[in-house]
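Chains as they are written, first to last, in our numbering: chain A, 3 to 419; chain B, 3 to 419. In this text, a Cβ means the ideal position worked out from N, Cα and C, and glycines have one as well. Predicted model only: the values in this text are computed from it and were never measured. Accompanying notes for the structure given below.
There are 2 protein chains.
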Amino acid sequence: MSTFQTTTDHSLENLDLRRANLGLALRSLRDHGPRSRASLAADLGMTRSTVSTLVAELTERGLVTAGQQVQRSVGRPGTAIELDGRWVCGIGAEINVNHVATLAHDLSGDLVDERKLALDARSLDSADVLAHLIDLVRETEAVLAARGAAAFGLTVGVAGLHDSTTGVLTHGPNLGWYDVPVAAVLRAGLTPAYPVVVDNEANLAAAAEATPGDPSRQDILVLYGEIGVGGGIVADGRLLRGSHGYAGEFGHMIVEPRGRRCGCGRQGCWETVSGLRALLERAADPTDPIRNPRLGIDERLAEINRRADLGDARTLEALDGVGEWVGIGAAILCNTLNPAVLVLGGYYAAVGHHMRPAIERELGVGVLAPGAGGTRVELSTLGFRAAVCGGATASLAQVFVDPTRVPRRPALSGESA
Amino acid sequence: MSTFQTTTDHSLENLDLRRANLGLALRSLRDHGPRSRASLAADLGMTRSTVSTLVAELTERGLVTAGQQVQRSVGRPGTAIELDGRWVCGIGAEINVNHVATLAHDLSGDLVDERKLALDARSLDSADVLAHLIDLVRETEAVLAARGAAAFGLTVGVAGLHDSTTGVLTHGPNLGWYDVPVAAVLRAGLTPAYPVVVDNEANLAAAAEATPGDPSRQDILVLYGEIGVGGGIVADGRLLRGSHGYAGEFGHMIVEPRGRRCGCGRQGCWETVSGLRALLERAADPTDPIRNPRLGIDERLAEINRRADLGDARTLEALDGVGEWVGIGAAILCNTLNPAVLVLGGYYAAVGHHMRPAIERELGVGVLAPGAGGTRVELSTLGFRAAVCGGATASLAQVFVDPTRVPRRPALSGESA
DNA sequence: CTTAGTTTGGGCGCCGTCCCAACAAACTCG
DNA sequence: CGAGTTTGTTGGGACGGCGCCCAAACTAAG
């Protein structure tokens, strides 16, 4: 979240200064709410005249509007300037084994559209899956158009490894995709006026949990539990990808050297004791309906919650036991990263309230820093939408860095939602 | 390493633009070597005229000098502009249980002065220890003054937890220091013209390994092994401290749930199997001289190396066994962070060449990403000087962000080293 | 109601920075 | 020795932010 995000070598000219100050003003309005030009100037350390010109330009680009009158104790009242998110939206998309999905929200973070299409990606050709996704994005675009809003970017979350410059999914074992030029196919199918970016699903889910501008949510560790366990790391408000994009493979930390064999071929991987399978096997016999893979995950988790709420001993023991292992692994990560928040996503979000005591117990024991290093445990409220949500947010991030990327709106005659 | 490091809300004015471009030019000279104004302009995407004014100002501040003539195939030859590190130095200092130390190097990274004073910090009052450190810093300052150079900053590494805004060591169990205002005492004793900053020892050691500007050394994981094991993380060229400054406590990851009891009270902490004590106990009987704590660490490690070089079976087995545990823990960290380089510091640097096969073996097995995620293993060449080195570098970091912090030199009549 | 004091927001001139274009200087090549 | 090439400097021009000023709008007191 630096003012100029350029790590590049490009020179800075006068326009960049303008860009940076526009972004500064816009972020301040986003993070600290509507204010008069004068108080905005005071907060930013600018003169009122400068802020006036900045606000004028942001208004032309449809990013802010004049709101209500605000009055101090004495003096002329000012007109509050507030973020106007309506005209610029970000689209997030996801390609998963079981479904493709899109989600759009506007600059204020308000949900605009959400779509999901169930399919079996493994039995389809990658081109067909992408064609389905293109249809979904088109439908979402139509909803935006009906509102008079424009898409500013599309960020696609995929499970696997990608090349961030080309948007090629190089290595997606879950999907069975290798060297699929996801971004190029989408660009060809959509001919969009906005950039199309490919990113890792877990990264986007992590980014979704870190609220931009909120200083208490800049160091976040997200655990995403399904059959496997993965996650993402946000440090200093920046997504941590690692040197080759492999960061966040928590599920294969070896926590029990002579433990259970993992799908990856090794023994004692964390996900063998903290993944969904471990929970189900501890909670029920093989003949139990919750062990039936034909049932949807949501239904099986709901049943586990129902039993736990009724006080079923075996279910509670399983949740506590798996929670303990989750806590042991989380403690390792907290000793390493000392996040402000540990967010439990995926299936943990559904049943996490029954695991939380065990997790917090293990964090208290296993983290060296006093009070578990100040890390609080939270359940994700985004559920399985985390990745698309993060994608939509990521698509909009550049607006707050460089508001001049949003075109000036030609007509500004009384628009209404 | 962003162009503008401001995460603050302060507005940007024309001077900031200048600062950023001066920094850009200076970093480019540092990272890509001396070049003519014209090629510098081409590399930075600026005009030659702008670069001329930038170089003129950097010259006035004594940061660059005109070097040799450079010639392309045809055309007028240019004068190479090169970084002139001589006049600005950074001082790093360290307060350890066994010693206090200082080190100064100049802007080019050339060592200027190094001092070390052995003492037993636990048997002394903190004020006395700091008084000894002040003496050392004064001597270092004198060496700088004799060269005509000025100190630009002092960064003090301490083992423990500090408040980075006040420079108070809040929690230093190794030293037995609690709420000691280290920065304030040093400022009072030195009345320096430069800023005094306190930071964590392991953080500074990690920062020392990450070469600024080298893209292959921006994601680094440093393991620092002594009796305990700690380390630091550099991600995207930025030091990772965590939300409360507790990041990097690798030693207390629990890697063997029912393992050996640790000094921290728990069982199976990584440092119980990967620390120096584990190596010594596996390598020799209690009566063996290398188990004698009266001998210096360096001597004992040298003896281990000697035995290993001679092919002593027990020593080799110990190095391999401990190396295996180092690798198991490192694999956990690499799955999490996917660094480009794993740097082995502390005692690992001394005997690491005998551990490396085991470590690399375990990384190959334990890291999910193919080829261990591209992580290469290196031995630190800084040894026990890593922290002071990193402190000196950290003291100079601001020069490359904002060169205007270095004052204009009044007289520029033919200075010589 | 009038007057003084306060706060807002916009206009104007100044300064600083960068870009562009033109030019002199210095060198190679034919 | 002149044509072509590259370098570094110089003089406008554009643009952005600051400081200062002023009109507008409101409160508080007489």
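Across the structure, A:I306 and A:I292 are spaced so that their CA atoms are roughly 8 Å apart. Assignment of A:E141 by DSSP, reduced to helix, strand and coil, places it in the helix class. By the 16-neighbour rule on beta-carbons within 10 angstroms, A:A43 is buried. Looking at the backbone, the Cα of B:A120 and that of B:G323 are separated by about 33 Å. Nearest Cα to B:G277 within the set B:G253, B:N294 and B:A151: B:G253. Beta-bridge partners assigned by DSSP to B:T67: B:E84.
A:R74 is bridged by DSSP to nothing; it lacks a bridge partner. Measuring C-alpha to C-alpha distances from B:A352 to each of B:R387, B:A332 and B:G150 identifies B:R387 as the nearest. Here DSSP, grouped into helix, strand and coil, assigns A:G375 to helix.
For the pair A:L132 and A:L188, the CB atoms are nearer than the 8 Å cut-off. Using beta-carbon distances, A:L26 counts as an interface residue toward chain B, with a partner under 8 Å. When C-beta distances to chain B are compared with 9 Å, the residues of the region 252-271 of chain A below that value are F252, G253, H254, M255, I256, V257, E258, P259, C266, R268 and C271, in chain order. The Cβ-Cβ distance between B:A40 and B:G80 falls below 8 Å. For the 8 Å CB-CB criterion, A:N340 and B:Y248 form a contact. The three-state reading of DSSP puts A:G331 in helix, counting H, G and I together.
When 7 Å is used as the limit between beta carbons, B:N202 is near no residue of chain A, the shortest such separation being about 12 Å.
For A:R316, same chain residues with a beta-carbon under 7 Å away, outside a window of 5 residues either side, are A285 in chain order. In the same chain as A:R302, and ignoring 5 residues on each side of it, the C-beta atoms closer than 6 Å to its own belong to I292, in chain order. Closest by C-alpha distance to A:A212, out of A:R240, A:R20 and A:L312, is A:R240.
Using a Cβ distance threshold of 8 Å, B:V343 and B:I222 count as a contacting pair.
Assigned with DSSP and collapsed to three states, B:C264 falls in coil, not helix or strand. Using a Cβ-Cβ cut-off of 8 Å, B:V367 is close to R268 of chain A, given in chain order. Contact between B:I93 and B:T142 holds, since their C-beta atoms are separated by about 6 Å, short of 8 Å. A:L31 and A:L85 have their C-alpha atoms roughly 6 Å apart.
Each of A:T168, A:D127, A:G174 and A:N202 was checked against the Cα of A:V158, and the nearest Cα belongs to A:N202. Contact check between the region 194-210 of chain B and the region 392-407 of chain B: three or more CB pairs, one atom from each, fall below 8 Å, which counts as touching. The C-beta of B:L156 has 16 or more other C-beta atoms within 10 Å across all chains shown, which makes the residue buried. Under the Cβ criterion of 8 Å, B:R407 is not counted among the residues facing chain A.
A direct Cα-to-Cα measurement between B:I229 and A:R358 gives close to 34 Å. Linking A:E251 to B:N337 through their CA atoms gives a straight-line distance of about 5 Å.
Beta-bridge pairing by DSSP links B:H101 to B:A120. A:L225 is outside the set of residues whose beta carbon lies under 8 Å from a beta carbon in chain B. With a cutoff of 8 Å on beta-carbon distance, B:V275 and B:E258 are scored as near each other.
Residue contact with chain B for A:M357: absent (no Cβ-Cβ distance below 8 Å to any residue of chain B). Identification of chain B residues near A:T338 by a Cβ-Cβ cut-off of 8 Å yields I235, A249, G250, E251, F252, M255, L335, T338 and L339, ordered along the chain. Annotation: the continuous beta strand (DSSP E) that includes B:D165 extends over L163 to D165.
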